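Input: a single structure, listed below in structure tokens.
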Amino acid sequence: MTKPGSPLRRFGAVTIALATAFAVVACGSDADNSAPPAAGPHSAHAGGSSAPPQPLRAGERFVDLKMAEAYTPAPPDGAVDEYRCQVLDPGLTKEAFLTGTQVMPENVAIAHHGIVYAVPPGGAAAVREQDAKTPGLGWQCFGGTGVDGADVEGDDEGADPGAAWVDTWAPGATETLLDQDAGFKLEPGSLIILQMHYNLLATDGKPGGSDRSAVRLRLTDGTPQTRELETWSLDAPTDLPCAADESGPLCDRAASIADVTKRFGPEVGEFADRQVEECNEGGVPKPGDTQSCDHEVEEPVTVFAGFGHMHMLGRSMKVELNPGTPKAKVLLDVPQFDFDNQRMVKLPSPVEVGPGDTLRVTCTHDAGLRKQLPQLKKLPPRYVVWGDGTGDEMCIGIMTVSPRKS
């Protein structure tokens with residue numbers, strides 16, 4: 199796909215909606231031991247139930263999955279937010295394609311948003327083990343599934359992930375309906391994980407009752423024409439220094455990387471330097487608000503859609519095709535990034551890219567947001583590098599593509 203070692207990473211043969219928009223949330227576990235509260239400039243969800251699904255198309259069927267029992271959110275340490283993952287089993291005995299998904303929250307007063315992940319059979323045992331060893335219904339998670347070996351990014355570069363984002367619900371969202379000839383392939387033994395973000399702001403932090411949400415899958419057996427789509431992950435470094443009026447031991451880049459390494463292990467800790475080597479001329483860090491990275495395309499694909507992913511300090515993001523040339527085109531432009539509204543954007547028309555083309559991702563972060571957001575105010579100032587936690591950052595342009603013959 200790209201030159202060896204390039205940070206253009208494939209999430210695997212996952213399929214994502216081409217015709218609808220949906221949100222995603224931050225990757226990985228919360229490094230700061232507190233899931234980010236919904237209050238503040240990065241949150242604007244209000245209550246609302248899901249609309250009825252659209253009629254079934256030829257060959258489709260609905261499969262309704264529901265949480266095993268009702269769950270009563272209990273955010274830790276007086277917080278108002280809890281992220282809880284539940285495992286749902288579609289009971290598939292033969293291959294099927296997922297062409298539509300709808301989250302149906304029961305208690306809309308406390309349901310902030312929900313994410314649906316599909317876990318292939320190879321990750322099912324890890325999911326079952328996580329569920330069995332965690333007291334109560336489901337387990338705590340933030341962004342991803344929270345299950346080693348069954349999360350949204352593979353452990354090794356180039357490896358398929360153990361799960362994929364399938365859909366995200368937010369109040370007012372309707373069914374995510376894919377093209378009838380494009381679907382997410384589910385093998386027998388595949389599982390569904392539903393992550394619900396519960397928020398108790400509407401109840402002033404007091405118990406808001408229980409919830410037993412459900413997920414409706416739209417499945418089809420597929421045809422020879424049914425396409426499996428891929429998502430390409432275009433990442434760039436994050437080298438965001440402390441603000442001018444901030445100071446502390448973690449304002450040193452090396453100290454911050456050591457801290458990330460301590461929290462997440464050497465693979466994550468080494469990633470910041472590896473990105474710099476791959477993306478920056480001379481392999482030298484370029485401290486600042488804005489970072490970019492060029493990715494060489496080696497195989498012909500059609501680009502249909504994309505979305506940007508950052509964390510709480512994200513300001514803007516852009517993905518460009520062949521910048522600085524007569525063939526330059528902006529594929530994705532997010533001028534005002536909102537952590538709670540990371541939406542898939544369908545391109546006005548599909549764009550063909552091929553060998554020799556360049557895809558550039560550019561992200562702008564703002565250290566000043568650290569003092570404005572309740573989620574970050576209590577965290578020490580830091581030189582922000584790539585990491586999975588609330589106070590760390592990412593820069594990823596995720597593009598939905600379909601391979602084509604050259």
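Its first residue numbered 199, the sequence shown is counted upward by one per residue in this note's numbering. Just so you know, even glycine gets a beta-carbon here, dropped at the ideal spot from N, CA and C. Bear in mind the structure is a predicted one, so any value in this text is a computation, not a measurement.
For residue i, does the count of other Cβ atoms within 10 angstroms reach 16, so buried, or fall short, so exposed?
i: Val223; result: In this prediction, Val223 scores a pLDDT of 31, lower than 50, which makes its location untrustworthy; no coordinate-derived value is stated.
i: Gln605; result: Residue 605 is absent from the structure shown; the chain starts at 199 and stops at 604.
i: Asp267; result: Reading off the sequence, residue 267 comes out as Glu, not Asp. With fewer than 16 other Cβ atoms within 10 Å, it is exposed.
i: Thr588; result: buried
i: Gln473; result: buried
i: Arg568; result: buried
i: Gln378; result: buried
i: Pro318; result: buried
i: Thr372; result: exposed
i: Pro405; result: exposed
i: Ala256; result: exposed
i: Glu518; result: buried
i: Asp419; result: exposed
i: Lys516; result: buried
i: Arg451; result: buried
i: Glu293; result: exposed
i: Asp586; result: buried
i: Ala229; result: Only weak support is given to the placement of Ala229: the predicted model assigns it a pLDDT of 36, under 50, and the question is left unresolved by the model.
i: Thr429; result: buried
i: Ala434; result: buried
i: Arg416; result: buried
i: Glu385; result: exposed
i: Ala309; result: buried
Measuring straight from C-alpha to C-alpha, what distance separates residue i and residue j?
i: Leu674; j: Cys283; result: Nothing can be reported for residue 674: it is not among the residues displayed for the chain, which extend from 199 to 604.
i: Ser547; j: Ala503; result: 9 Å
i: Thr436; j: Leu376; result: 33 Å
i: Ser490; j: Ala361; result: 27 Å
i: Lys603; j: Val301; result: 36 Å
i: Gly387; j: Tyr315; result: 14 Å
i: His563; j: Thr421; result: 44 Å
i: Phe209; j: His311; result: Note that Phe209 scores 37 on pLDDT, short of 50, meaning its location in the model is unreliable and no value can be drawn from it.
i: Ala368; j: Pro483; result: 37 Å
i: Arg580; j: Ser454; result: 7 Å
i: Thr332; j: Glu304; result: 23 Å
i: Leu571; j: Ala412; result: 32 Å
i: Lys383; j: Lys544; result: 21 Å
i: Arg461; j: Leu398; result: 28 Å
i: Ala526; j: His507; result: 22 Å
i: Cys440; j: Leu389; result: 42 Å
i: Val495; j: Pro553; result: 5 Å
i: Glu444; j: Asp287; result: 48 Å
i: Gln633; j: Glu497; result: Missing from the structure shown is residue 633; the chain here goes from 199 to 604 and no further.
i: Ile313; j: Glu479; result: 38 Å
i: Val583; j: Gly467; result: 9 Å
i: Met265; j: Val285; result: 8 Å
i: Pro250; j: Ala307; result: 19 Å
i: Arg410; j: Pro601; result: 39 Å
i: Asp471; j: Gly481; result: 8 Å
i: Thr523; j: Gln393; result: 43 Å
i: Asp531; j: Val559; result: 10 Å
i: Arg414; j: Leu335; result: 20 Å
i: Thr343; j: Ala272; result: 19 Å
Based on DSSP bridge pairs, tell me the residues matched to residue i.
i: Tyr315; result: Trp363, Ile391
i: Ala412; result: Lys264, Met302
i: Ser600; result: Thr500
i: Thr562; result: Thr488, Ser514
i: Asp279; result: Asn397
i: Val532; result: Met515
i: Lys383; result: Phe295
i: Val582; result: Leu438
i: His493; result: Leu557
i: Thr418; result: Glu258, Phe295
i: Arg425; result: Ala380
i: Leu286; result: Ile390
i: Ile455; result: DSSP lists no partner for Ile455.
i: Lys527; result: Leu519
i: Glu591; result: Trp584
Compute the beta-carbon to beta-carbon distance between residue i and residue j, rounded to the nearest angstrom, for a pair I have assumed lies under 8 Å.
i: Gly381; j: Leu296; result: 5 Å
i: Leu427; j: Leu557; result: 17 Å between Cβ atoms; not a contact.
i: Gly321; j: Gly289; result: Actually they are not in contact, since the Cβ atoms of Gly321 and Gly289 sit about 17 Å apart, beyond 8 Å.
i: Met592; j: Leu529; result: Met592 to Leu529, Cβ: 19 Å. No contact.
i: Asp349; j: Thr299; result: Going by Cβ atoms, the distance from Asp349 to Thr299 rounds to 19 Å, so no, they are not a contact pair.
i: Ser514; j: Phe535; result: 6 Å
Ends of the alpha helix (DSSP H) at residue i?
i: Arg513; result: No alpha helix (DSSP H) holds Arg513; the beta strand (DSSP E) holding it covers 512-519.
For the beta strand (DSSP E) containing residue i, name the first residue and the last one.
i: Phe502; result: 499-507
i: Thr429; result: 428-433
i: Glu468; result: Here Glu468 belongs to no beta strand (DSSP E); instead the alpha helix (DSSP H) covers 464-477.
i: Leu448; result: Leu448 -> no beta strand (DSSP E), and no H or E assigned at all.
i: Gln378; result: Where Gln378 is concerned, there is no enclosing beta strand (DSSP E), given that its DSSP letter is neither H nor E.
i: Leu545; result: 543-551
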